[in-house]
Amino acid sequence: MKKENKLLNLKNILKEMECVLVAFSGGVDSTFLLKVSSEVLKESVLAVTAISPTYPRYEYEEAVKIAGELNVKHKTIDSRELENPEFVKNTSERCFHCKTELFSELVKIAQAEGFKFVLDATNADDLKDYRPGREAAKKLGIKSPLVDTGFTKQEIRDLSKKLGLRTWNKPSFACLASRFPYGTQITAENLEMVYKGEMFLKKHGFHQYRVRHHAPIVRLELDTEGFAKLQNQEICEKIVKFFKKIGYLYITVDIQGYRTGSLNETLNLKQIVPPHK
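Here my numbering is used: the first residue of the sequence shown is 546, the next is one more, and so on.
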């Protein structure tokens, strides 16, 4: 189906919903969903963004700006996943526990303020990876209209550009907890190391990257442009010096490059049973 027809279907679904709360991170997908929702439902839309230690402050600030530009009602909440020992243990169900906490709060807000549905911005491509957070969404009745209409990431980017959204070419981003191998505890200190490392790469012009925490080793995933930048010996020396300064002993680059969900490669997906089914 053409992406223009998918967009029409999305608008029809939103129209039937009448009033919605959108889980809004300020990323490519949630910005697209919020934009279309606001076009269809006007004032009957509320965007909610969680302030979390697993997301950089600049991502939250970006979400606030975008919601303002779209002229959408916007609320922020504090997420407390680091207070949940099941999240901190970082098993393969980590995302389930995180999303359960987040979506439960969103459902409470929706019920209190009269919004019929809570929406997340999962897209069709996301279903190709291991996503235990999807089970939390199903359990709590969260709707995923971008999945229902079959939108791929590239189609969302293409239409976002057409709609004039500055997020159309924004790098993909997942929460900082996804930088840790399963079984490695998620702590505020470790999150800070990863955050500092990714901010360093961002400030030095890297576009798409991940800092994977295998302490005392750090494994850097870079896109093609990032690999090209490593031809500059001065940049390499700065990277080594900085990452050693923040606590890593060995600084490595993954020659497979940037890819989403690389830490799921350690899992045998056929043997994984979705949590709490």
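For every residue, glycine included, the Cβ atom is placed at its ideal position computed from N, Cα and C.
At which residues does the beta strand (DSSP E) containing residue i begin and terminate?
i    : result
R602 : Run containing R602: none in the beta strand (DSSP E); it sits in the alpha helix (DSSP H), R602 to E614.
K548 : Here K548 belongs to no beta strand (DSSP E); instead the alpha helix (DSSP H) covers K548 to M562.
I622 : K618 to D623
I687 : That residue, I687, is in no beta strand (DSSP E); it is neither H nor E in DSSP.
A669 : From DSSP, A669 is part of no beta strand (DSSP E); its letter is neither H nor E.
So the alpha helix (DSSP H) residue i belongs to, where does it begin and stop?
i    : result
T499 : Outside the shown range of the chain, which is 546 to 822, sits residue 499, and nothing can be said about it.
A760 : Note, A760: premise wrong, no alpha helix (DSSP H); not H, not E.
L489 : Outside the shown range of the chain, which is 546 to 822, sits residue 489, and nothing can be said about it.
D574 : V573 to L586
F662 : Per DSSP, F662 belongs to no alpha helix (DSSP H); it is in the beta strand (DSSP E), F662 to L664.
A892 : Nothing can be reported for residue 892, as the shown portion of the chain is limited to 546 through 822.
P598 : Looking at the DSSP string, P598 is not in any alpha helix (DSSP H), and its letter there is neither H nor E.
Given this structure, state the Cα-to-Cα distance separating residue i from residue j, to the nearest angstrom.
i    : j    : result
P601 : N557 : 34 Å
V565 : S649 : 15 Å
I701 : L672 : 15 Å
K786 : L704 : 41 Å
N635 : V581 : 35 Å
P819 : Y603 : Note on P819: pLDDT 48, under 50, position unreliable in the model; the coordinate value appears next. If I take the Cα positions, the gap works out to 32 Å.
E737 : I731 : 10 Å
T621 : K610 : 13 Å
M562 : F745 : 43 Å
E743 : S583 : 32 Å
E646 : T667 : 17 Å
Comparing C-alpha positions only, which one of the options sits nearest to residue i?
i    : options                   : result
Y754 : F772, E626, I762 and T645 : F772
I762 : V798, E782 and M744       : V798
R711 : S575, E563 and K547       : S575
N616 : Q656, A608 and E743       : A608
E606 : G571, V585, S624 and P630 : G571
V663 : A657, L651, D670 and A669 : L651
E770 : Y727, R625 and P716       : P716
H749 : L794, N777, N714 and E628 : N777
N714 : K698, P726, Y727 and T729 : K698
L627 : I654, I596 and K653       : I596
L794 : G802, A760 and I800       : A760
Can you give me the Cβ contacts of residue i inside the same chain, cut-off strictly under 7 Å, excluding the 5 residues immediately before and after it?
i    : result
D665 : A568, A682, I687 and S689
V539 : Here the chain has residues from 546 to 822 only, and residue 539 is not among them.
Apart from the five residues just before and just after residue i, which ones in its own chain have a Cβ nearer than 8 Å to its Cβ?
i    : result
C781 : L775
R804 : E766
I817 : No answer about I817 holds up, because its pLDDT of 44 lies below 50 and its placement is not dependable.
E810 : none
Within the same chain, show all residues whose beta-carbon is closer than 6 Å to that of residue i, passing over the 5 residues directly before and after it, in chain order.
i    : result
H821 : In this prediction, H821 has a pLDDT of 49, which is less than 50 and means its spatial position is unreliable; what the coordinates show is noted afterwards. If we look at H821 and ignore the five residues flanking it on each side, it has no Cβ neighbours.
A612 : A592 and H619
E549 : none
N554 : T694
K815 : Note that K815 scores a pLDDT of 44, beneath 50, so its modelled location is shaky and nothing firm can be said.
K644 : G678 and A681
S589 : C564
Does residue i get closer than 8 Å to chain D when you measure Cβ to Cβ?
i    : result
K547 : In the structure shown, chain D cannot be found, because there is only a single protein chain.
In chain order, which alpha helix (DSSP H) runs of at least 4 residues are fully inside the stretch 690-727?
Secondary structure within the stretch 690-727: the alpha helix (DSSP H) runs of 4 or more consecutive residues, fully enclosed, are 690-693 and 698-707 (chain order).
At 3 residues or longer, and completely inside the stretch 749-814: list those beta strand (DSSP E) runs for me, N to C.
Listed in chain order, the complete beta strand (DSSP E) runs (minimum 3 residues) inside the stretch 749-814 are 754-759, 762-767 and 795-798.
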